[in-house]
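Have a look at the structure below before the remarks.
Protein chains in written order, with the working numbering: chain B, 1 to 100; chain R, 1 to 100; chain Z, 1 to 100; chain Y, 1 to 100.
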């Protein structure tokens, strides 16, 4: 299991790009094995790394359209092999340290 | 107003780094004008850009200690000058497009 | 054709990580269709997007070893469909604007 | 001494953005204490961290104009306190490992 963060930046449109973020979410929703969380700066995905890379590929591709001829896609992959890594587990771990 | 995303990566420690994320949050909490949201991959800050850059500088600096002699800090700054940009406004904008 | 930038950050080792960057370059060298340029902050790859994603997957995987149980991999993908995008073309374009 | 990588992404323009990268270079050239290297995906800066943050602030600001009302700025800061960190030193270190 891995966690990946993705931000897609369509070129030639904007300043508003929320319709492209919504489009990315519709792509993710077709993949039932992937958990996802929307943040104000990115979308965070949890699942098997190969599944995550496939969905990132699909999101990048779906951002192109008649107006968008260039896409910048930012990805951060966090994978840990000594113990299970989950989005909730990462938040819990920080919060337990803050509450001491 | 701007939104900035920060991820600090201390070198030489790990795999667990949540204590460093908690340390960053203690730095942010001293800055009452900055709103902050913890995500599984980063911390997102909202405020005046100069205030955000000052706190990012302070977080980067606070990550060094006896064990950590090298720090990689990742920052994404999103600033919009045609309308107000807030963390909640960005989420609302995507969610309104998803509910259509 | 697309251009991708990759930075791998092994956890638990450091401050020096150049041996991991060298390991990534040995992975890339096995892929004769991919052009690559080393920079002080990343490795930049040029080729078909599917080939780039496959090599990024392989670099990420190769960074794990007996000491490294967690890897953070940062990727930036730049793809343009209205004209050919190359590393040299991008540099030339900026330099032509600077020499005016 | 620290090394920082910056990528500015103007919104609402494109697909070509090389004139904005050139503008960033003109900003950097006014700062004689900062070394800089253009890559196909970013600009890399070397100098004192406070100087780097000031120039990053100025580049971000200079990207706004009549057409650009939103700017996304990506920054990666690498600072090491156990030994001197330079752009050339990082490249040399990887290359020495590759030539073995």
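C-beta atoms are modelled at their ideal positions from N, C-alpha and C, and glycine is treated no differently. What you are looking at is a predicted structure, and each value in this text was computed from that prediction instead of being measured.
Within 10 angstroms of its Cβ, does residue i collect 16 or more other Cβ (buried), or is it exposed?
i, result
"residue 70 (chain Z)", "buried"
"residue 102 (chain Z)", "One cannot answer for residue 102 (chain Z) here, as it falls past the ends of chain Z, which runs 1 to 100."
"residue 123 (chain B)", "Since the displayed chain B opens at 1 and closes at 100, residue 123 (chain B) lies outside it and no answer follows."
"residue 82 (chain B)", "exposed"
"residue 23 (chain Z)", "buried"
"residue 80 (chain B)", "buried"
"residue 29 (chain Z)", "exposed"
"residue 84 (chain R)", "exposed"
"residue 65 (chain Z)", "exposed"
"residue 63 (chain B)", "buried"
"residue 43 (chain Z)", "buried"
"residue 86 (chain B)", "exposed"
"residue 50 (chain Y)", "exposed"
"residue 11 (chain B)", "buried"
"residue 92 (chain R)", "exposed"
Show which residues of chain B have a CB atom less than 7 Å away from the CB atom of residue i.
i, result
"residue 78 (chain Z)", "72"
"residue 97 (chain R)", "18, 19 and 22"
Taking Cβ-Cβ distances shorter than 7 Å, what residues in chain Y pair up with residue i?
i, result
"residue 60 (chain Z)", "Within 7 Å Cβ-Cβ: nothing; residue 60 (chain Z) doesn't reach chain Y, min ~17 Å."
"residue 15 (chain Z)", "80 and 82"
Residue i by DSSP, collapsed to three states: which one?
i, result
"residue 3 (chain Y)", "strand"
"residue 23 (chain B)", "helix"
"residue 85 (chain Z)", "coil"
"residue 69 (chain R)", "coil"
"residue 94 (chain Z)", "helix"
"residue 9 (chain B)", "strand"
Residues of chain R with CB under 7 Å from residue i, in chain order?
i, result
"residue 69 (chain Y)", "80, 81 and 82"
At a CB-CB cut-off below 9 Å, which residues of chain Z make contact with residue i?
i, result
"residue 57 (chain B)", "49, 50 and 53"
Which bits of chain Y does residue i rub up against, with CB to CB less than 9 Å?
i, result
"residue 94 (chain R)", "Neighbours of residue 94 (chain R) on chain Y: none; closest Cβ ~16 Å, over 9 Å."
Taking Cβ-Cβ distances shorter than 7 Å, what residues in chain Z pair up with residue i?
i, result
"residue 30 (chain Y)", "Here the premise fails: no neighbours, minimum Cβ distance about 14 Å."
"residue 87 (chain Y)", "40"
Just to make sure I have the definition right: I need the residues of chain Y whose C-beta is within less than 8 Å of the C-beta of residue i. Which are they?
i, result
"residue 75 (chain B)", "Within 8 Å Cβ-Cβ: nothing; residue 75 (chain B) doesn't reach chain Y, min ~12 Å."
Residues of chain B with CB under 9 Å from residue i, in chain order?
i, result
"residue 9 (chain Y)", "9, 11 and 72"
Given that residue i touches chain B, what residues does it touch there, using C-beta distances under 8 Å?
i, result
"residue 3 (chain R)", "40 and 41"
Would residue i count as contacting chain A if we go by Cβ distances under 8 Å?
i, result
"residue 11 (chain Y)", "The chain labelled as chain A is not found among the protein chains of the depicted structure, namely B, R, Z and Y."
Open item on the list: To be precise: take each residue of the region 32 to 55 of chain B, compare its Cβ to all Cβ atoms of chain Z, and keep it if any distance is under 7 Å. Which residues remain?
Closed with: 53
Task: alpha helix (DSSP H) runs contained entirely in the region 17 to 64 of chain Z, provided each spans 4 or more residues - done: 18 to 29 and 49 to 62
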